[in-house]
Amino acid sequence: MAKMATREAYGKALADLIVKNENIVVLDADLSKSTKTYDAKVVCPQRHFNVGIAECDMMGIAAGLATCGNIVYASSFAMFATGRAYEIVRNSIGYTHLNVKICATHAGITLGEDGASHQSIEDLSLMRGIPGMTVIQPVDDVETTQVIHAISELNGPFYVRLGRFAVDTINAPDYKWQVGKGVVLREGKDITVFATGVLVQQALVAYDVLKAEGVEITVVNIHTIKPIDEELIVRLAKKSKVIISAEEHSKYGGLSSAIAEVLAAKCPTLMEVVALNDTFGESGTPQLLLEKYGLTSKEIIAAVKKHI
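The sequence shown begins at 15 in my numbering and counts up by one.
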């Protein structure tokens, strides 16, 4: 399988988009070579602005530019875009429902060696709580490319969660992304795994291991955390004796919470959660951190076998 970080795909897609659409404006907070918005600067420097290490200012500027008819892509590390700048995002972008696309990279513990201070494990919760904010986490380069292009044509604020390290490409080139529509990647029986981000690849590994043992599970990529695909969740919950939610995020407020809200209201179902268990991360390689904090195929397999 080919591998590419979703932040890399973001940079390439943005560079293509900014040339095609004169209404696109890109902002960055002194991290353009890390977030990959530098790719857009190379091809269109007059519509790429580095505001410096001033994330709150960046979001305020993004809001101002959006009031003038621009489609603004604002980028920084997820920790700073959602944490440091939260109040501006909420009041100047969310409350006013402006056309700003917050594309935050280096999300989750797979940021790696930069450690807990830079590892956003609560960003989905923060952004999901803002009224009118659409929250997306693409699984690979193919999906990221489609997301970045598609949201330029969708009005309103978006939060796109992107990663630092390379992940397997799981979607075919002819894949068609739709906002708010989960994707069934593998069909199985009795147990359904809803995963997002890097945990989708882990869920697919779990599927292969379990299938070799005679157990077939359903694996779903939930790329849109909000609005979540309620119809798909309910349909699969009705045929599953247990639902497993898997994400590289705190177990509070992210994918697992969104799924639990749907199940509680429409189809009460037993649920297992594979996520960060109320803890911060630490410095280490992405793979070691995933293993230490129980965010691998092993934990998904264990959750499945618990209910076989």
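Glycine included, every Cβ here is placed at the ideal spot set by N, Cα and C.
No experiment lies behind these values; they were computed from the predicted model shown.
- Using DSSP bridges, identify the partner residues of Leu-41. Note: Leu-41 sits in a beta bridge opposite Phe-63, Ala-88.
- Unbroken stretches of the beta strand (DSSP E), 3 residues or longer, contained in the region 246 to 322: You should have 254 to 264, 285 to 290.
- Option nearest Ile-314 by Cα separation, candidates Leu-224, Asp-204, Leu-31: Taking only the C-alpha atoms, the option nearest Ile-314 is Leu-224.
- Task: Please go through the same chain and pick out, in chain order, the residues whose beta-carbon is closer than 7 Å to the beta-carbon of Asn-64, but skip the five residues on each side of it.
- Result: Taking Asn-64 as the centre and dropping the five residues before and after it, the same chain places the C-beta of Asp-42, Asp-44, Ser-46 closer than 7 Å to its C-beta, in chain order.
- Output yes or no for whether 7 Å exceeds the beta carbon distance between Ile-116 and Thr-238. One thing to note: Ile-116 has its Cβ no nearer than 7 Å to the Cβ of Thr-238.
- Message: As an exercise, report each continuous beta strand (DSSP E) stretch of at least 3 residues that is fully enclosed by the region 82 to 155, in chain order.
- Response: If we require 3 residues or more, the beta strand (DSSP E) runs fully inside the region 82 to 155 come out as 85 to 89, 114 to 118, 148 to 150.
- Query: Can Lys-26 and Ala-180 be called in contact, C-beta distance under 7 Å?
  - Reply: It is not a contact, given that the beta carbons lie outside the stated cut-off.
- Continuous alpha helix (DSSP H) stretch holding Lys-240: start and end: Unbroken run through Lys-240 is the beta strand (DSSP E), 238 to 240; no alpha helix (DSSP H).
- CA-to-CA distance, Asp-155 to Gln-60, given in whole angstroms: Rounded to whole angstroms, Gln-60 to Asp-155 spans 26 Å at the Cα level.
- Quick one, which of Leu-28, Val-57, Ile-135 has its alpha-carbon nearest Gln-160's? Checked all of Leu-28, Val-57, Ile-135; the closest Cα to Gln-160 is Leu-28.
- Item | beta strand (DSSP E) runs contained entirely in the region 178 to 218, provided each spans 3 or more residues | Qualifying beta strand (DSSP E) stretches, in chain order: 197 to 200, 204 to 209.
- Message: Which of the three DSSP states is assigned to Val-57 in this structure?
- Response: Residue state, collapsed to three classes: helix.
- Message: Does the contact criterion of 3 or more C-beta pairs under 8 Å hold for the region 114 to 132 versus the region 268 to 286?
- Response: A contact between stretches requires three or more CB pairs, one per stretch, nearer than 8 Å, and the region 114 to 132 fails this requirement with the region 268 to 286.
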